[in-house]
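Contents: one structure, followed by commentary.
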Amino acid sequence: MSDSADTERTTVKTYVPSYQKSEWQSHADDLGMSQAEFVRTMVQAGRAGFDTDYEEPHSPDPDPGGNALETRVLKLLESDTYSWEELLEAVSDDVESRLDQTLEELQANNRVRYSGRHGGYTAVDGGVDGD
């Protein structure tokens, strides 16, 4: 494995209704993926869909959804062999850390708050630009 790729693994937990887990497992099975592989892939795909200015992290060119990911994968594979999970980890960077930092900033600016009662984060005063 390449020394330049950060492949330290960590656990991320989420709680979903049992019917949703069953649907995800069924879809993962249809795709020949593990459930963890499926969830990681769908989260990365979803991130791209939320922001029209999305650019792959540390992408060599600003071609969102284009060949930036392809270029990055090829560059990684030039020097070593990676499993699916190792490749996914190498191209997804540290999403958890970036999300944590963003949530801290949004809370500090009173734009979001954590609601224990509702089991998650919620926008303050309508969310994006006061909508």
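Read the sequence shown against my numbering and you will find it ends at 129, with the numbers running on by one and no gaps. Ideal placement from N, C-alpha and C gives every residue a C-beta, glycine not left out.
Three-state secondary structure (DSSP) of residue i
i	result
V122	coil
S32	coil
V10	coil
D78	coil
G44	helix
G64	Residue placement at G64 is poorly supported in this model, since its pLDDT is 49, which falls under 50; the coordinates still yield a value, given next. DSSP places G64 in coil when its eight states are reduced to three.
S0	For S0, the pLDDT reaches just 48, beneath the cut-off of 50, and the residue's location in the model is therefore unreliable, although a value from the coordinates is still provided. Coil, per DSSP.
Continuous beta strand (DSSP E) stretch holding residue i: start and end
i	result
Y17	Looking at the DSSP string, Y17 is not in any beta strand (DSSP E); the run it does join, the alpha helix (DSSP H), is 16 to 28.
S113	110 to 113
N- and C-terminal bounds of the alpha helix (DSSP H) containing residue i
i	result
V89	82 to 90
Cβ-based burial, residue i [other Cβ within 10 Å; buried from 16]
i	result
E87	buried
R38	buried
V122	exposed
L74	buried
R70	buried
Y17	exposed
Y13	exposed
V110	buried
V89	buried
Chain D contact for residue i (CB, 8 Å cutoff)
i	result
L72	The chain inventory of the structure shown lacks chain D, comprising one protein chain alone.
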